[in-house]
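Trainee: Sequence order for the protein chains is X and E.
Numbered by my numbering, the letters in the first sequence go through residues 1 to 209 in order.
Numbered by my numbering, the letters in the second sequence go through residues 1001 to 1062 in order.
Handing you this structure, nothing more for now.
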Amino acid sequence: MENTNANAYDRAHPKFGAELNIESIINAPLVAVSKANVTMLTGQVRFLLDYCFVNEHKMYKPVMITMTLSKGVVNYGKQPADAGYIQVTEMAFQMPLLCLLPLNTLAIEKVKVDFDLEITSIGSYKSTRKKDAHIVARKAVLNGRVAPQPPRTSKASAPHQAHSHSHLKVSVNAGALPLSKGLLTVIDLYTKAIQPLPQQEAADSNDKL
Amino acid sequence: MEQQMPCPVCRTPIFFNVYHLLQGERFVCPNCQAAITLSPESHEPVQNALDKLDKLKQLQQK
Ligand SMILES: [Zn+2]
């Protein structure tokens, strides 16, 4: 219980000048970004399963969408000048909803962690990995504190502000990444199977779905 | 985002935009001139899914 309170206090009153392990300074923003990516990807997978597939008897079947194909067909029994020489025939075909939607993977593409670190102490610990033990007996630990942000103005009235901001900048760029290989394969498979059907057959196959 | 599907007749890629399909637009195969449209009964499921997808993207961009 005490630990939780201490944690809550740490979050509410961050100590900018505190000595921290260099690994944790670098890790913290990266862990936050990977958590954000997981949340985004989970949302997208949930969307795909909920709206693009139907779960029937523990099997996911794609939601199919009916499209109409119209094409002019020449009636060689008639002369080009006759009415009905070119007849427009309509056929239906089905494709998975998945192939119609503008899907892309929105995720964090770039993370830039920028800070100046003052090394305040150097320690070491015994290497625990057997493989490394004969190469490196001890591993170094660097502790430091994030250097305070230099004051923006040279006004003498605000020297204390320099200590309330640390120079640790994390910039994050979200971008549309290519779809996963698995999803692309599924889309490709269905897209290749697109075949037109005469209207009546399409209606029948709709009933079967 | 530009999408494409193979023409059901000749397999040439037909470029389309699903938002325009929903508005009743036809997309024509550059090779055999076959035209594709969305069947009226499919408007609702496509519109619903697109609305959800747009919402999801907006949430993620925040
Ligand atoms: Zn074609």
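Think of the CB as a built atom: it goes at the ideal place given N, C-alpha and C, for glycine as much as any other residue.
Remember, it's a predicted structure, so these values are computed and weren't measured experimentally.
1) Under the criterion of a Cβ to heavy atom distance below 7 Å, does residue 1034(E) qualify as lining ligand 1?
2) How far does the alpha helix (DSSP H) with residue 182(X) in it reach, from first residue to last?
3) Using three-state DSSP, classify residue 28(X) as helix, strand or coil.
4) Go ahead and pull the three-state DSSP assignment for residue 88(X).
5) Beta-carbon within less than 6 Å of residue 73(X)'s beta-carbon, same chain only, minus the 5 sequence neighbours each way: which residues are those?
6) To which residues does DSSP link residue 141(X) through a beta bridge?
7) So which residues on chain X does residue 1003(E) lean against when the C-beta distance must stay under 7 Å?
8) According to the Cβ coordinates, are residue 101(X) and residue 1049(E) closer than 8 Å?
9) In chain E, what lies closer than 8 Å to residue 53(X) by C-beta?
10) Does the Cβ of residue 1037(E) lie closer than 7 Å to at least one heavy atom of ligand 1?
11) Look at the Cβ atom of residue 115(X), then the Cβ atom of residue 57(X), and state whether they are nearer than 8 Å.
12) Near residue 1038(E), what residues of its chain come up, given a Cβ to Cβ distance below 8 Å and the 5 sequence neighbours on each side ignored?
13) Over the uninterrupted beta strand (DSSP E) stretch that includes residue 60(X), give me the two end residues.
14) Mind checking residue 1042(E): buried by the 16 CB within 10 Å criterion, or exposed?
15) Considering only the beta carbon of each residue, do residue 95(X) and residue 1005(E) sit closer than 8 Å?
16) Report the residue from 130(X), 122(X), 129(X) and 48(X) whose alpha carbon sits nearest the alpha carbon of residue 104(X).
17) Could you tell me whether any Cβ in chain E is nearer than 8 Å to the Cβ of residue 86(X)?
Mentor: A quick look at the data gives this:
1) At least one heavy atom of ligand 1 lies closer than 7 Å to the C-beta of residue 1034(E).
2) Here the alpha helix (DSSP H) through residue 182(X) covers 181 to 192.
3) If DSSP states are grouped into helix, strand and coil, residue 28(X) belongs with the helices.
4) If DSSP states are grouped into helix, strand and coil, residue 88(X) belongs with the strands.
5) Cβ neighbours of residue 73(X) beyond the five flanking positions: 87 and 89.
6) Its beta-bridge partners are 123(X).
7) Result: 102.
8) In contact: residue 101(X) and residue 1049(E) (Cβ atoms closer than 8 Å).
9) Below the 8 Å Cβ cutoff, chain E contributes no neighbours of residue 53(X), its closest Cβ being approximately 11 Å away.
10) No - ligand 1 has no heavy atom lying nearer than 7 Å to the Cβ of residue 1037(E).
11) Their beta carbons are not under 8 Å apart, which means residue 115(X) does not touch residue 57(X) by this criterion.
12) Same-chain partners within the cutoff: 1021, 1022, 1024 and 1046.
13) Here the beta strand (DSSP E) through residue 60(X) covers 59 to 62.
14) By the neighbour-count criterion, in which 16 or more other beta carbons inside 10 Å mark a residue as buried, residue 1042(E) falls on the buried side.
15) With contacts defined by Cβ atoms closer than 8 Å, residue 95(X) and residue 1005(E) form a contacting pair.
16) Among 130(X), 122(X), 129(X) and 48(X), the Cα nearest to that of residue 104(X) is on 48(X).
17) Taking Cβ atoms only, chain E never reaches closer than 8 Å to residue 86(X), which makes this a no.
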